[in-house]
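Worksheet: the structure to be examined is printed underneath.
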Amino acid sequence: MVREAIFWRLVQDFPNVSHDQYHTFITGLAERRTGENFLNILCEYQFQDPSAGDGIFLETLCREIYGLCKKYDYQIKRGWEAEHVHGWEINSKILEACKRNMSFSPHLIHSDYLNSKPKKPVDVIIANPPYVRQEYLSSDYKQKLIEQFQPEFPGIKLSVRCDLYIYFLLKVLKNLNKNGVFTFIIPNSWMDNSYGEILRTLFRDEFQLLSITDSGSRHFKQEVNTVIISGIRKNPAKNNQIIVNLDQKSKSISQERLRLLDLGWHGSLFRCPSWLLKQITENKALGAIGDEFSVCSGIITGNNRAYYHQQKTDNSLPAIRSPKETTSIRFTQSDVQSWIQKNGAGFSIRKAPLLWIDLRGGRHVVIWNQDNLPFEHTFYGLHPKDGKNVEAWAYVMNSSWVWLMVELFGRRGLGGGAVRLVKNDLVKLPIPLFANIKFPSNLSGFLERPIYNWRTELEQEDRKRVDDRIFKAIGMGEKQKECMILLRSLMEKRESKARSVHD
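Residue numbers for the sequence shown, in the numbering used here: -11 to 491.
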């Protein structure tokens, strides 16, 4: 990380430097004059870590630069690091331990970085900011942070749900010099959540992103999945390619394409192949759920034990309380297992013809609520805007294409390996427009039979027949096999990850 950050900062001042030339310099094999030319610039940079912790980044940085000076017999100013390398740490005990264990003497400051006023713009920032969830921040402190940062970012409303690391990043990015380089190790939650919009907008529009790396595994110490992101403070080149790394595999994606996306970044960058992402953003046979449906939440009683019953009463309505009560796509009053009290309660009865399950495990089902029964908030209700074709939509929404979109763009890292789409994400999900799709009556068994766990379900012949029609209608018949392989792979990874967390 440190060498990469130094390299990219030097590239801004030496645009003709190749990777080979830099490797020769960093390993001490360049000519002395070449080494001096690099070091003359490098030793003028300002370096910063806003959350020093044990000082590992600062120690590595100082060792790297002093080592280069020794290799090229370069006379660096005594105490150079006290003027050029700065670190903040709010915990006095951690700071003292950091000072004792370091071989160098950077300028270490006992202070809350968020309240600091750095004197000089920074050329290189390497940081692993504190991960403190917003639930553990007091209301007064959150309001103070919003009042401090909102005026600097007037175009985007800061959310009270921002975790602490969001504010750290906003401050360090503001302090970064033109052509300055950053490398952050941060939770991946900003990539999909609504409160991360401000970071996504800044990274996309004001920085040229270099790379984003996801280990694909859980950071157990903090129980959070992390990414490493690097970039440069300058307007992104139109043809800039971001290197995306996952599980030791790399691909590139155009930064320009991020402007076309209204979907979560994590799925777009790490789970979705480039060719499929291109299809999603350009295919006219696809539309967003929010364009075709009105989406509503289900009933929230505040006390299900009081208002739901397992037997019918004079003052109750048949209802769908839980996904566990459903086995097939079509659900009728004869399948009911719960009744909800209809009078004297302080909640509204909600009904919809199609029900989207909120938290999903190993199967994909969108319920066709044929008798328009009330439903609990474990579902979202979908109302076709044209008021028609509910049965056709039941086929489409239960297709493997929609299932694949859930696995690509749904939020993960939930208990039990579940995946979900909150309402803001759900309305953006790309689905087939079924105007040209015909579903013959001999496929109706697909709607009636049980929907199985993914390993069994994806082998069902009637599912394949439904999928054949849908993939052909959206012009992706030739890519259907690849999409199914991808879906199986995503399900396998999610299942495997759930097992690893429990183990």
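Idealized CB from N, CA, C, for every residue including glycine.
task = Only counting runs of 3 or more residues, tell me where the beta strand (DSSP E) segments fall wholly within the region 281 to 336, in order along the chain.
result = If only complete runs of 3 or more residues are kept, the region 281 to 336 shows the beta strand (DSSP E) at 281 to 285, 304 to 307 and 326 to 329, in order along the chain.
query = So is asparagine 213 buried or exposed if we call it buried at 16+ other beta carbons inside 10 Å?
reply = Taking the first residue of the sequence shown as position 1, residue 213 is located at position 225. Label assigned to asparagine 213: buried.
message = If you follow the alpha helix (DSSP H) that glutamate 24 is in, where does it begin and where does it stop?
response = Position 36 of the sequence shown, counted from the first residue, corresponds to residue 24. That run of the alpha helix (DSSP H) goes 20 to 30.
message = What ranges does the beta strand (DSSP E) occupy inside the region 336 to 403, keeping only unbroken runs of at least 3 residues that lie completely in it?
response = You should have 342 to 345, 354 to 357 and 367 to 372.
query = Fully enclosed by the region 44 to 93, which alpha helix (DSSP H) runs are 4 residues long or longer?
reply = Here the runs fully enclosed are 44 to 59, 68 to 72 and 80 to 89.
request  = Kindly list the residues whose CB is nearer than 7 Å to the CB of glutamate 185, restricted to its own chain and excluding five residues on each side of it in sequence; keep chain order.
outcome  = On the sequence shown, position 197 is the one that residue 185 refers to. Ile144.
inquiry  = Buried or exposed for valine 497, going by 16 or more other Cβ atoms inside 10 Å?
reply    = Any answer about residue 497 is impossible in this case: the structure gives the chain only from -11 up to 491.
inquiry  = Tell me the DSSP secondary structure of serine 218 in three-state form.
reply    = As a position in the sequence shown, residue 218 is number 230, starting the count at 1. Residue state, collapsed to three classes: strand.
inquiry  = Under 8 Å, with one C-beta from each stretch per pair, do the region 467 to 478 and the region 438 to 458 reach the 3-pair mark?
reply    = The answer is yes - the region 438 to 458 touches the region 467 to 478, with three or more Cβ pairs under 8 Å.
Short Cβ contact (8 Å threshold) for threonine 314 with isoleucine 355 = Walking along the sequence shown from the start, residue 314 turns up at place 326. Walking along the sequence shown from the start, residue 355 turns up at place 367. For threonine 314 and isoleucine 355, yes; Cβs fall inside 8 Å.
ask   = With distances taken from CA atoms, which of Ile78, Arg408 and Thr189 is nearest leucine 102?
value = Numbered from 1 along the sequence shown, position 114 holds the residue referred to as residue 102. Nearest of Ile78, Arg408 and Thr189 to leucine 102, Cα basis: Ile78.
query = In the structure shown, what three-state DSSP assignment does phenylalanine 2 receive?
reply = Numbered from 1 along the sequence shown, position 14 holds the residue referred to as residue 2. DSSP places phenylalanine 2 in coil when its eight states are reduced to three.
ask   = Nearest to tryptophan 381 by alpha carbon, out of Lys226, Gln243 and Trp344?
value = On the sequence shown, position 393 is the one that residue 381 refers to. For the residues Lys226, Gln243 and Trp344, the minimum Cα distance to tryptophan 381 belongs to Trp344.
ask   = Roughly how many angstroms lie between the CA atoms of lysine 416 and lysine 460, to the nearest whole one?
value = By one-based count along the sequence shown, residue 416 stands at place 428. By one-based count along the sequence shown, residue 460 stands at place 472. So the alpha carbons of these two residues sit roughly 22 Å apart.
query = Does DSSP put glutamine 196 in a helix, in a strand, or in coil?
reply = As a position in the sequence shown, residue 196 is number 208, starting the count at 1. The answer is strand: DSSP assigns glutamine 196 an E or B state.
query = Is aspartate 42 helix, strand or coil when you go by DSSP?
reply = The sequence position of residue 42 within the sequence shown is 54, counting from 1. Three-state DSSP puts aspartate 42 in coil, outside helix and strand.
ask   = Could you check where the alpha helix (DSSP H) with serine 262 kicks off and where it finishes?
value = Position 274 of the sequence shown, counting from 1, holds the residue named residue 262. Start and end: 262 to 270.
ask   = Secondary structure at glycine 496, three-state DSSP: helix, strand or coil?
value = An answer regarding residue 496 cannot be provided, because it is not within the stretch -11 to 491 covered by the chain.
Glutamate 364 burial status per 10 Å Cβ neighbour count (16 or more: buried) = Walking along the sequence shown from the start, residue 364 turns up at place 376. Result: buried.
message = Using the Cβ count rule (16 or more neighbours within 10 Å means buried), how would you classify glutamate 56?
response = Within the sequence shown, numbered from 1, the residue matching residue 56 stands at position 68. In the sequence on display, residue 56 carries leucine and not glutamate. Buried is the call here.
key: Whole-angstrom C-beta distance between leucine 414 and isoleucine 277, which should lie under 8 Å   = Position 289 of the sequence shown, counted from the first residue, corresponds to residue 277. Position 426 of the sequence shown, counted from the first residue, corresponds to residue 414. Indeed, because the Cβ distance is near 6 Å, the residues count as touching under 8 Å.
inquiry  = Between which residues of its own chain and glutamate 140 is the CB-CB distance below 8 Å, once the five residues before and five after are set aside?
reply    = Position 152 of the sequence shown, counted from the start, is the residue given in the question as residue 140. Exclusion of the five residues before and after glutamate 140 leaves Leu158 and Lys162 as the residues of its chain whose Cβ lies within less than 8 Å of its Cβ.
task = Name, in chain order, the residues that DSSP records as bridge partners for glutamine 36.
result = On the sequence shown, position 48 is the one that residue 36 refers to. BP columns for glutamine 36 point to His74 and Ile113.
inquiry  = Buried or exposed, going by whether 16 or more other CB atoms sit within 10 Å of the CB of glutamate 123?
reply    = Residue 123 sits at position 135 when you count from the first residue of the sequence shown. That one is exposed.
ask   = When DSSP labels each residue in this structure, what does glutamine 448 get in the three-state scheme?
value = As a first step, residue 448 must be located in the sequence shown, where it is residue number 460. Coil, per DSSP.
key: Strand pairing of histidine 98, partner residues [DSSP]   = Reading the sequence shown from its first residue, position 110 is the one you call residue 98. In the DSSP assignment, histidine 98 is bridged to Glu77.
query = Is it the case that the Cβ atoms of proline 362 and lysine 376 are separated by a distance below 8 Å?
reply = For the purposes of this step, residue 362 is taken as the residue at position 374 of the sequence shown. For the purposes of this step, residue 376 is taken as the residue at position 388 of the sequence shown. Contact flag unset, no.
request  = Can you give me the start and stop residues for the alpha helix (DSSP H) that valine 169 sits inside?
outcome  = Numbered from 1 along the sequence shown, position 181 holds the residue referred to as residue 169. Element bounds for valine 169: not the alpha helix (DSSP H) but the beta strand (DSSP E), 164 to 175.
ask   = Which residues mark the beginning and the end of the alpha helix (DSSP H) in which glutamine 243 is found?
value = Here residue 243 refers to the residue found at position 255 when the sequence shown is read from its first residue. Segment 243 to 246, the alpha helix (DSSP H) holding glutamine 243.
query = Are the C-beta atoms of tyrosine 33 and some chain B residue less than 8 Å apart?
reply = The displayed structure is made up of one protein chain only, and chain B is not part of it.
key: Residues that DSSP places opposite proline 420 in a beta bridge   = Locating residue 420 in the sequence shown gives position 432, where the first residue counts as 1. Looking at the DSSP assignment, proline 420 forms a beta bridge with Leu274.
task = For serine 242, I'd like the list of residues in its chain whose CB is within less than 8 Å of its CB, leaving aside the five on either flank, ordered along the chain.
result = The residue labelled residue 242 in the question sits at position 254 within the sequence shown. Taken in chain order, the residues that qualify are Asn227, Asn228, Gln229 and Ile230.
task = Keeping to the same chain, check which residues put their C-beta closer than 8 Å to that of serine 6; ignore five residues upstream and five downstream.
result = Start at 1 with the first residue of the sequence shown, and residue 6 comes out as number 18. So the list is empty, once near-sequence residues are dropped.
query = Could you give the distance in angstroms between the alpha-carbon of histidine 297 and the alpha-carbon of aspartate 279?
reply = For the purposes of this step, residue 297 is taken as the residue at position 309 of the sequence shown. For the purposes of this step, residue 279 is taken as the residue at position 291 of the sequence shown. Each residue's Cα considered, the two are about 36 Å apart.
inquiry  = Could you give the first and the last residue of the continuous beta strand (DSSP E) run that contains isoleucine 230?
reply    = Locating residue 230 in the sequence shown gives position 242, counting from the first residue. Residues 229 to 234.
Identity of the residue in Trp327, Ile268 and Leu264 nearest alanine 294 by Cα = Start at 1 with the first residue of the sequence shown, and residue 294 comes out as number 306. Checked all of Trp327, Ile268 and Leu264; the closest Cα to alanine 294 is Trp327.
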